[in-house]
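Asks: In short: position in the sequence shown from 1, add 45, done, that's the working numbering. Think of the CB as a built atom: it goes at the ideal place given N, C-alpha and C, for glycine as much as any other residue. This one's a predicted model, so the numbers in the text were calculated from it and none came from an experiment. Let me begin by handing over the structure; questions about it come next.
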Amino acid sequence: MRWSETAAVRKRRTAPPLDSKTKYGRRRYKKSTPMRDCQPMKYTIKNGIKRSSINTAWVFSGTTRANILFGFSYDDSKYTRVIEACALTDDIQQFPNTDQTLVGQRGVVLSGGQRTRISLARAVYGYADVYLLDDPLSAVDFRVGQHIFEKCIKQLLRNKTRMMTSHQEDHMKHADEVIVLCKGRVLEGGSFLELQDKGILSNTIDPLYKKISKHNTDEKFVGEEENGSVGAALCFAGMESPSKETRSLLMPKEDWEIGVISSKLYWTTPSRSERLVKLSSVYGCLAVVSLLFILTRTYVLLSYFLRCSKRLHDKMVVATLQAPFLFFDSNSLGRILNRFSKDIGQLDEQLPRTFQLAIDSTLNVLAPLIVTAFINPWLIFILMPLIVVAIHLSTYYFKTSQELKRHHDVLNQANILVMAGGKWISVRFEILASLFVSAVAFSAVIMSQEATFAGLAFAYVVKRLGRCHYAIRTTSEVEDLMTSVERVFTYTKLECEHGYMIKRRPPENWPNKRNIIFKEVSLRYYPGGPQVLKNIKLNIKGGAKIGVAGRTGAGKSSFVAALMRMPESCGEVIIDGIPIKAINLQETRRCIFVLGQSPLLFSGSLRKNLDLTEQFTDANLWLVLQDVQLKESVKSLHGQLDHELLENGANISVGERQLICLARVLLQRNKIIALDEPTANVDPEREKTILGVVREKLRDSMVITAAHQLNTIKDCDKILLLKHGTVAEFEKFIYICIKRIAV
């Protein structure tokens, strides 16, 4: 197997059929790679079903129970055992609707640990014989991790074949076989004691940390549908669609045919030679005028559509970027992307073309009606009731096709109904056209009209009224396409976050003292939702290193969200004497750098991921890579700084993604930095490196570190211990340890 053309990874192709197996290795030693290879078309698992749980938790939009069942039937006793073994019982009881609580797009209302445990519960609930567990305990605290390891992996899955990757040696003592990986190769295999006797494993468990951990204390909820026809005001506001296609400038074939017929009829009358020159001149002038009119109309329409569509798109981009986070929680990414891709594409391409066709076909239908009414005014009495019936049928068809168009995105089966509706209106308008043609023919015979006028009227009616259903269908398509304008126009009117409207900006060197005060801060993610932070009162001195601890769901990530105003909280957060609610939202977020639980990387070069604004030199980039000990790894990559990363850094390890994000932190040098579980996916040696970098390179910044493991934050000046969204302790690490041990 190869990650790329230049980096080959070799590994053992077979393994003995043991019940429990652990893969151990440092960061970038490819522990996760064999897990990916155990997918279909790589290895064959005989006489069994496989389930896997990867270190990047996956949760879909739905209820907590639906995410765990994943299509399997509900078994109450089995379900209870699974959620208990995965340490989800307390969390589910705290949810507003227990396990019927909607978790939002990608589990946005859940903490990282909750998402991981729900993914694990899904794998365990589904019947399987082989379980592939890719570091499932890195995102939870020590106490919860021990509970899951004992109750779930060792007991609930005791009769199953389990393969688990980990960098924690404590878990390896219970494995039947331990496989140690080094740079993509199998270094050694055997029991834990055998490997320890050989000196391959080192005891890296801190006794003090284990003792303290025994006493350690261990979110919203999406679619809208518009009804009714598109309003006239919206038609003018949304008639903002350019076209990149050019309409044909030639006259339709029927026009030439009718012109030839009409000229022959006139030339068959007396004095043909006298009119020949005059009629040729008239037809020639009409052709030139028609051509100029078509060219002018096409240019004006396309330029108008182009300007207006660009204006709509720009407004939608600005409104979406400034929308509150609740908007992204309640609208799926697919729906948002549809507005910028499918709907804008229809505005740019289909609407201008269809609009011109609707104008042409409508005029082609009106022209013969006007001509025949001029030749024989008595036909108006027959024409009026037919027009009334046509309007009634058109109105019914417009309403029906528009509703079908609205549901077309949700149910593609609606396409067959759209086609059937088109055939339905075609048949009825052909019947109406046939009745009018018959009326024209009978009136010519009964009233003994001149052959010239009768032939002209009949030729126009036969050639043009056959297309009346096409005029209705193109007009209906224009109104259907206006639903795309309606959806785009709705996005341009999105309510922006309140902070964007504030124009006040802080002093240029703010925050230079880096003092933070929380005054009775409470936080809800959406109106009417539960409080995730409750009356937080804190006074953090400038430059301090603060650790935030607590079990999953205690409010650690919400504490960081309150600093970033995502969303706006109740109470006041004051930085250097200035309430952040009183200044521009972008200025607040610009001074704070957040390194989240899931490393965020873009598809593109490594250089672009480190320096998105291209304001640093290569020397600066190499310096921060050296600080996080990635310099040699990057030098070995093809292209080095120009090495292309896949979406979310899929072609590098999770630990390397975290280190690249940490290098980005060092490069920006923000005065306030929030780290959310920075060492969850790295081995103990790299954890020491990261903590050392934070301690040495960021000593001039205020660093707020949220972590499950107390070992990660033991060097902080103070520890903020959260419990159910409230402050349980705010003391130095040693004082909290003494209190916990005493308890």
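Give me the Cα-Cα distance between Gly158 and Thr597, rounded to the nearest whole angstrom.
Replies: For the purposes of this step, residue 158 is identified with residue 113 of the sequence shown, where counting begins at 1. For the purposes of this step, residue 597 is identified with residue 552 of the sequence shown, where counting begins at 1. Spanning the two alpha carbons is a distance of roughly 6 Å.
Asks: Leaving out the 5 sequence neighbours to the left and right, which residues in its chain are closer than 6 Å to Lys243 when beta-carbon positions are compared?
Replies: Counted from its first residue, the sequence shown places residue 243 at position 198. Cβ neighbours of Lys243 beyond the five flanking positions: none.
Asks: For Gly268, which of helix, strand or coil comes out of DSSP?
Replies: Looking up residue 268 in the sequence shown gives position 223. With a pLDDT of 39 at Gly268, under the threshold of 50, the modelled position of that residue is not reliable, and the figure given next carries that caveat. Reduced to three states, the DSSP call for Gly268 is coil.
Asks: With distance defined between alpha-carbon atoms, name the residue in Glu222, Thr535, Gln191 nearest to Lys360.
Replies: Within the sequence shown, the letter at position 315 stands for residue 360. The candidate whose alpha carbon is nearest that of Lys360 is Thr535.
Asks: Which runs of the beta strand (DSSP E) fall wholly inside the stretch 606–678 and span at least 3 residues, in chain order?
Replies: With a minimum length of 3 residues, the continuous beta strand (DSSP E) runs that stay inside the stretch 606–678 are 615–620, 637–640.
Asks: Quick one, are the C-beta atoms of Ala478 and Ser406 less than 8 Å apart?
Replies: For the purposes of this step, residue 478 is identified with residue 433 of the sequence shown, where counting begins at 1. For the purposes of this step, residue 406 is identified with residue 361 of the sequence shown, where counting begins at 1. No.
Asks: Please report the Cβ distance between Arg473 and Leu438, rounded to the nearest whole angstrom; I am assuming they are in contact, meaning their Cβ atoms lie under 8 Å.
Replies: One-based indexing of the sequence shown puts residue 473 at position 428. One-based indexing of the sequence shown puts residue 438 at position 393. Right, their Cβ atoms sit about 5 Å apart.
Asks: Tell me which same chain residues have a C-beta within less than 8 Å of the C-beta of Thr399, skipping the five on either side of it?
Replies: Translated into the one-based positions of the sequence shown, residue 399 becomes position 354. Taken in chain order, the residues that qualify are Thr519, Glu522, Val523, Leu526.
Asks: Going by Cα to Cα distance, which pick from Ala606, Leu691, Leu765 is closest to Lys653?
Replies: Here residue 653 refers to the residue found at position 608 of the sequence shown. Here the closest residue by C-alpha is Leu691.
Asks: Rounded to whole angstroms, what is the Cα-Cα separation between Cys330 and Ser348?
Replies: The residue given as residue 330 occupies position 285 in the sequence shown. The residue given as residue 348 occupies position 303 in the sequence shown. Between Cys330 and Ser348, the C-alpha separation is close to 27 Å.
Asks: In the DSSP assignment, what are the bridge partners of Met217?
Replies: Position 172 of the sequence shown, counted from the first residue, corresponds to residue 217. Met217 pairs with nothing; no bridge assigned.
Asks: Residues bridged to Gly592 by DSSP?
Replies: To locate residue 592, count along the sequence shown from 1; it is residue 547. BP columns for Gly592 point to Thr750, Ile764.
Asks: For Gly235, which of helix, strand or coil comes out of DSSP?
Replies: The residue labelled residue 235 in the question sits at position 190 within the sequence shown. Three-state DSSP puts Gly235 in a strand.
Asks: Under the DSSP definition of a beta bridge, which residues are partnered with Asp745?
Replies: Stepping through the sequence shown from its first residue, residue 745 is reached at position 700. Paired residue(s): none; Asp745 is not in a bridge.
Asks: Considering just the uninterrupted stretch of the alpha helix (DSSP H) at Asp525, what are its terminal residues?
Replies: For this step, residue 525 is matched to residue 480 along the sequence shown. It spans 513–537 - the alpha helix (DSSP H) in which Asp525 sits, taken as one unbroken run.
Asks: With distance defined between alpha-carbon atoms, name the residue in Lys444, Asp136, Ala173, Glu689 nearest to Ile163.
Replies: In the sequence shown, residue 163 corresponds to position 118, counting from 1. With distances taken between Cα atoms, Ile163 lies closest to Asp136.
Asks: If I measure Cβ to Cβ from Lys676 and keep anything under 7 Å in the same chain, skipping five residues before and after, which residues do I get?
Replies: For the purposes of this step, residue 676 is identified with residue 631 of the sequence shown, where counting begins at 1. Trp667, Leu670.
Asks: Checking 8 Å against the spacing of the C-beta atoms, do Ser607 and Leu578 come in under that value?
Replies: Translated into the one-based positions of the sequence shown, residue 607 becomes position 562. Translated into the one-based positions of the sequence shown, residue 578 becomes position 533. Correcting the residue type first, residue 607 is Ala in the shown sequence and not Ser. Yes, these two residues count as a Cβ contact at 8 Å.
Asks: Would you check if the stretch 546–563 and the stretch 608–619 touch, i.e. whether three or more CB-CB distances between them fall below 8 Å?
Replies: Short answer: they touch.
Asks: How is Arg569 classed by DSSP in three states: helix, strand or coil?
Replies: Taking the first residue of the sequence shown as 1, we reach residue 569 at position 524. Of the three classes helix, strand and coil, the one that applies to Arg569 here is coil, per DSSP.
Asks: Expressed to the nearest angstrom, what Euclidean distance is found between the alpha-carbon atoms of Lys255 and Asn696?
Replies: Counting from one through the sequence shown, the residue named residue 255 turns up at place 210. Counting from one through the sequence shown, the residue named residue 696 turns up at place 651. The pLDDT assigned to Lys255 is 42, lower than 50, so where the model puts this residue is not dependable; a value taken from the coordinates is nonetheless given after this. The straight-line gap from Cα to Cα measures roughly 35 Å.
Asks: Check whether the Cβ atoms of Ile389 and Val533 lie closer than 8 Å to each other.
Replies: The residue you call residue 389 lines up with position 344 of the sequence shown. The residue you call residue 533 lines up with position 488 of the sequence shown. Yes, the pair counts as a contact, with Cβ atoms nearer than the cut-off.
Asks: When the Cα of Ala752 is compared with those of Leu711, Gly573, Gly641, Gly649, which residue comes out closest?
Replies: By 1-based counting over the sequence shown, the position of residue 752 is 707. Of Leu711, Gly573, Gly641, Gly649, the residue nearest in Cα terms is Gly641.
Asks: Pick out whichever of Val739, Gly107, Ala484 has its Cα sitting closest to the Cα of Asp374.
Replies: On the sequence shown, residue 374 is found 329 positions in, with the first residue counted as 1. Comparing Cα positions, the closest option is Gly107.
Asks: Restricting to Cα atoms, I'd like to know which of Lys196, Arg230, Gly190 is closest to Gln213.
Replies: The residue labelled residue 213 in the question sits at position 168 within the sequence shown. For the residues Lys196, Arg230, Gly190, the minimum Cα distance to Gln213 belongs to Gly190.
Asks: Under 6 Å Cβ to Cβ from Leu568, same chain only, skipping five residues before and after it: list those, please.
Replies: On the sequence shown, position 523 is the one that residue 568 refers to. Answer for Leu568: Val577, Leu578, Ser603, Ala607, Ser614, listed in chain order.
Asks: With DSSP run on the structure shown, which of helix, strand or coil describes Asn261?
Replies: For the purposes of this step, residue 261 is taken as the residue at position 216 of the sequence shown. For Asn261, the predicted model reports a pLDDT of 42, less than 50, meaning its position is unreliable; a value from the coordinates is still stated below. It is coil, neither helix nor strand.
Asks: Am I right that Ala166 and Ile128 are in contact with their C-beta atoms under 8 Å? What's the rounded C-beta distance?
Replies: Counting from 1 along the sequence shown, the entry for residue 166 is found at position 121. Counting from 1 along the sequence shown, the entry for residue 128 is found at position 83. Yes, they are in contact, since the Cβ atoms of Ala166 and Ile128 sit about 6 Å apart, within 8 Å.
Asks: Kindly identify the DSSP beta-bridge partner or partners of Leu690.
Replies: Within the sequence shown, the letter at position 645 stands for residue 690. Answer is Gly649.
Asks: Does the beta-carbon of Arg740 have 16 or more other beta-carbons within 10 angstroms, so that it is buried, or is it exposed?
Replies: One-based indexing of the sequence shown puts residue 740 at position 695. Flag for Arg740 reads exposed.
Asks: For Glu542 and Pro369, which I take to be in contact (beta-carbon distance under 8 Å), what is that distance rounded to the nearest angstrom?
Replies: Reading the sequence shown from its first residue, position 497 is the one you call residue 542. Reading the sequence shown from its first residue, position 324 is the one you call residue 369. Confirmed, Cβ separation roughly 5 Å.
Asks: Excluding the 5 residues flanking Lys586 on each side, which residues of the same chain have their C-beta closer than 8 Å to its C-beta?
Replies: Taking the sequence shown and counting its residues from 1, the one referred to as residue 586 is at position 541. So the list reads Asn560, once near-sequence residues are dropped.
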